[in-house]
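Protein chains in written order, with this note's numbering: chain A, 21 to 604; chain B, 3 to 269. Think of the CB as a built atom: it goes at the ideal place given N, C-alpha and C, for glycine as much as any other residue. None of the values given here were measured: they were computed from a predicted structure. Structure first, then comments.
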């Protein structure tokens with residue numbers, strides 16, 4: 021028996037950056053908002069004194085409990101998918117603030133090339149350059165149109181950054197100066213400059229100084245304590261939804277954030293969404309929360325699963341290429357597109373590796389996106405090479421030169437010796453969508469409430485491997501220039517396949533955006549073409565993955581979506597109707 | 003209170019040191035200039051961690067506390083525990099750098115972990131169908147290495163007894179009494195999957211054994227390993243420091259006394 025609750029203006033799934041931004045903007049405009057968050061209530065107080073590597077980095081205290089729900093995985097459409105059973109292969113966000121709490125804070129802007137990738141590729145190289153298996157497309161928006169929303173997000177989060185010498189144009193500078201420069205960052209910057217590249221400090225949501233954002237929320241300056249990724253900030257110095265947008269929404273008196281509310285489907289009449297149905301995780305009771313607009317702002321997996329289970333839109337079929345929901349799954353895969361690169365070992369230098377913060381480091385964009393000429397390369401899109409001083413922790417930091425045993429006397433000796441004598445640089449590369457990399461519902465495995473698990477199928481294409489190889493080679497070139505005595509360089513095998521690790525939390529697609537319902541689930545306001553009072557916000561709307569961390573772009577599109585929601589609540593209708601008519 | 007009460011004066015001295023640490027921290031962190039501390043944001047923990055009155059008392063009982071916490075929660079057979087001790091010591095041996103697994107408390111750490119949520123895979127997806135013996139083609143079909151129906155406790159019991167069984171078979175003695183070379187040979191064969199286990203590969207058990215040994219050597223002492231923070235000291239890792247803001251841009255390598263969570267949280 022589903023108990024129906026009193027109607028509100030807007031109901032939102034998820035309290036991460038996307039849901040939090042929507043809630044802040046809607047409540048500021050006077051609308052009554054309910055956020056349904058299945059995880060626990062979290063305040064900054066919960067993160068104080070939590071510098072505990074075992075609990076947070078090895079037992080995944082802040083991540084989604086897979087005993088209630090997980091995903092299944094396979095790397096080809098003719099195989100049987102198996103469930104991802106433990107958190108070492110699935111670091112998915114949970115609780116108030118979502119993954120926005122335990123992120124590193126790297127907050128890039130994506131490139132003009134990303135948003136018009138199809139047109140710009142055809143324009144520069146001709147149509148034949150588009151690989152046969154590729155389903156890449158324009159996003160229906162340009163960088164210039166998105167720029168004001170980037171600016172808004174960066175000011176909310178207090179991003180601390182240094183102007184990218186070859187980056188896209190900005191309407192304003194970063195709200196805060198870059199983080200400090202460390203000896204190892206200097207080493208990376210010097211090496212890359214000597215090689216003719218253009219290094220700059222990574223834009224960071226770990227703040228370089230105390231800051232008050234435009235909504236009046238206070239953030240502290242980072243103290244470089246090195247417990248950032250996988251941790252909530254102990255010091256209120258990393259921008260997260262709890263301390264910014266959720267706090268702003270709460271101040272209005274118009275927000276109710278309901279924890280322990282596990283949304284299972286969107287209620288609708290085929291034309292309009294009427295609300296969200298959820299199970300109270302404390303009692304097992306089912307409720308329906310009706311609303312004028314419904315916002316799905318969960319992670320990619322949540323948004324896609326809810327659309328498929330609620331039978332909204334047409335599921336994507338990899339055999340026919342028809343349908344849209346579940347299409348264009350992409351990501352940063354840890355044996356292909358990030359966490360691979362070159363590790364240098366230094367005999368005569370010792371670094372303070374244990375100090376740092378999530379987004380402390382430098383990067384080069386000389387090979388990002390389409391910044392280099394791809395005419396003679398076997399791949400499209402590119403990679404950024406960065407050195408990050410996140411701060412190493414002792415259980416995980418056991419780096420030894422190749423050929424050293426993984427246990428025993430020699431291992432102990434070498435791992436102690438090199439603990440503070442090794443540096444790693446990585447190439448994070450883009451991933452272009454293909455016909456056989458998608459999401460649907462698993463035919464066998466169920467979640468704790470008896471609903472099917474989401475099934476993810478990932479197939480690497482030739483060009484993805486070529487791009488990764490080029491990135492790793494560049495890392496080796498730079499590490500050598502940095503003066504490493506020996507190096508471990510990762511090898512990208514010709515037949516490397518997806519290893520079922522959903523570890524990076526950078527995953528996209530399933531309800532992608534575009535300029536027309538022909539090729540997309542939502543418009544550039546994240547509004548469903550087929551159900552105009554339903555907004556599906558976040559990484560699920562990205563038609564492909566760039567070579568940068570995604571949060572800045574998720575934030576920008578969430579601000580654009582929120583603007584659309586406020587406009588829709590006033591006047592109704594499709595927010596990009598004009599473009600739709602032009603295309604029809 | 004009498005002036006010559008040693009406890010009181012020690013406590014007073016400690017208080018003074020804490021006040022100095024606090025000043026040093028504020029200086030190093032640059033927070034004095036930042037201005038937000040002391041406001042509504044993060045005063046609580048700072049005050050807490052430097053003003054603890056109980057600290058001295060707990061300090062005195064620390065060794066006694068470790069002793070009473072070192073008893074078997076999970077394992078039931080003494081022989082299993084002896085094998086676990088021997089195996090973890092081979093993975094992380096005592097040497098000129100400092101203590102090995104046994105002196106760091108690693109076997110008790112593992113016993114405690116297996117007795118809790120981790121030992122029964124409490125956070126993991128545990129619904130069937132399970133795929134116990136993945137053949138080559140199935141391996142690439144899904145996440146291998148975690149598809150067993152066995153929980154971590156089952157895996158440890160089976161693996162530990164298999165180590166002993168192999169030692170009896172090859173050397174006619176228990177694993178813990180075998181020579182160092184013999185122990186290493188058996189462990190290497192587990193690592194290389196030359197030993198057959200039931201329901202999972204020997205290398206999967208061995209990976210779990212390595213992982214938990216390193217966890218026991220380097221996790222916060224609150225979990226029963228890394229005794230006296232010796233693991234951290236060997237690695238020159240200073241634990242739960244409040245701030246590195248005063249050091250982060252400096253060229254020299256910085257050596258700091260490690261801080262445990264008990265000291266950091268200041269309960």
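How about residue 382(A) and residue 496(A): are their beta carbons less than 8 Å apart?
no
Check whether the Cβ atoms of residue 594(A) and residue 552(A) lie closer than 8 Å to each other.
yes
To the nearest angstrom, report how far apart residue 21(A) and residue 219(A) are at their CA atoms.
Taking the straight line joining both Cα atoms gives about 59 Å.
Helix, strand or coil, according to DSSP, for residue 64(A) in the structure here?
In the structure shown, residue 64(A) sits in a helix (DSSP, three-state: H, G or I).
Beta-carbon separation of residue 211(A) and residue 502(A) under 8 Å?
yes
Thinking C-alpha only, which one of 544(A), 103(A), 446(A) is nearest residue 89(A)?
103(A)
Mind checking which residues open and close the beta strand (DSSP E) that includes residue 448(A)?
Where residue 448(A) is concerned, the enclosing beta strand (DSSP E) starts and stops at 442-449.
Quick one: give me the first and last residue of the alpha helix (DSSP H) that residue 576(A) is part of.
571-591
Distance, Cα to Cα, residue 238(A) vs residue 173(A)?
If you take the alpha carbons of residue 238(A) and residue 173(A), they lie about 15 Å apart.
Which stretch, first to last residue, makes up the alpha helix (DSSP H) that contains residue 551(A)?
From DSSP, residue 551(A) is part of no alpha helix (DSSP H); its letter is neither H nor E.
Give the secondary structure of residue 224(A) by DSSP, where H, G and I count as helix, E and B as strand, and everything else as coil.
strand
Going along chain A, which residues have a C-beta under 7 Å from residue 220(B)?
414, 415
May I ask you to verify whether the stretch 561-579 of chain A touches the stretch 526-545 of chain A, counting CB pairs closer than 8 Å and requiring at least 3?
yes
Could you tell me which chain B residues have their CB closer than 7 Å to the CB of residue 607(A), listed as they occur along the chain?
Residue 607(A) lies beyond the residue range present for chain A, which begins at 21 and ends at 604; the question has no answer from this structure.
Determine the extent of the alpha helix (DSSP H) in which residue 501(A) is found, giving its start and end residues.
Start and end: 482-501.
Spatial neighbours of residue 489(A) within its chain, please: C-beta separation below 6 Å, excluding the five flanking residues on both sides.
512
If we cut at 8 Å on Cβ distances, does residue 153(B) have a partner in chain A?
no
In chain order, what residues of the same chain have a beta carbon less than 6 Å from the beta carbon of residue 459(A), not counting five sequence neighbours either side?
324, 346, 349, 474, 476, 530
On a Cα-Cα basis, can you pick out the residue from 206(A), 515(A), 151(A), 81(A) that is closest to residue 454(A)?
151(A)
Answer yes if the stretch 358-373 of chain A comes into contact with the stretch 393-400 of chain A, meaning at least three C-beta pairs across the two stretches below 8 Å, and no otherwise.
no
Checking the sheet assignment: what are the DSSP bridge partners for residue 100(B)?
97(B)
Give the DSSP bridge partners of residue 383(A), in chain order.
220(A), 406(A)
Ignore the nearest five residues each way along the sequence and tell me which others in residue 189(B)'s own chain have a CB closer than 8 Å to its CB.
89, 92, 93, 165, 208
Which whole-angstrom value describes the C-beta separation of residue 247(B) and residue 71(A), a residue pair presumed to lie in contact below a C-beta threshold of 8 Å?
No, residue 247(B) and residue 71(A) are not in contact; Cβ-Cβ is about 15 Å, not under 8 Å.
Could you name the residues of the stretch 86-114 of chain B whose beta carbon sits closer than 7 Å to any beta carbon of chain A, in the order they occur along the chain?
92, 93, 94, 95, 97, 99
Could you tell me the distance, in whole angstroms, from the CA atom of residue 129(B) to the CA atom of residue 213(B)?
25 Å
Between 127(B), 227(B), 192(B), 196(B), which lies nearest to residue 102(B) when the distance is taken from Cα to Cα?
227(B)
From the DSSP output, which residues share a beta bridge with residue 204(B)?
Beta-bridge partners assigned by DSSP to residue 204(B): none are found.
Using the beta-carbon of each residue, which ones in chain B are nearer than 8 Å to residue 454(A)?
Near residue 454(A) there are no residues of chain B at all, since even the closest Cβ is about 18 Å away, more than 8 Å.
Residue range of the beta strand (DSSP E) that residue 279(A) falls in?
275-279
Let me confirm a value: residue 80(B) is counted as buried when at least 16 other C-beta atoms fall within 10 Å, else exposed. Which label applies?
exposed
Within 10 angstroms of the Cβ of residue 253(B), are there 16 or more other Cβ atoms? Answer buried if so, exposed if not.
exposed
Taking Cβ-Cβ distances shorter than 7 Å, what residues in chain B pair up with residue 79(A)?
120
When you compare the CB of residue 38(B) with every CB in chain A, is at least one pair closer than 8 Å?
In this prediction, residue 38(B) has a pLDDT of 43, which is less than 50 and means its spatial position is unreliable; what the coordinates show is noted afterwards. Residue 38(B) counts as touching chain A.
Indicate whether residue 43(A) and residue 275(A) have their beta-carbon atoms separated by less than 8 Å.
yes
From the beta carbon of residue 124(A), is the nearest beta carbon of chain B less than 8 Å away?
By this cut-off, residue 124(A) is not an interface position.
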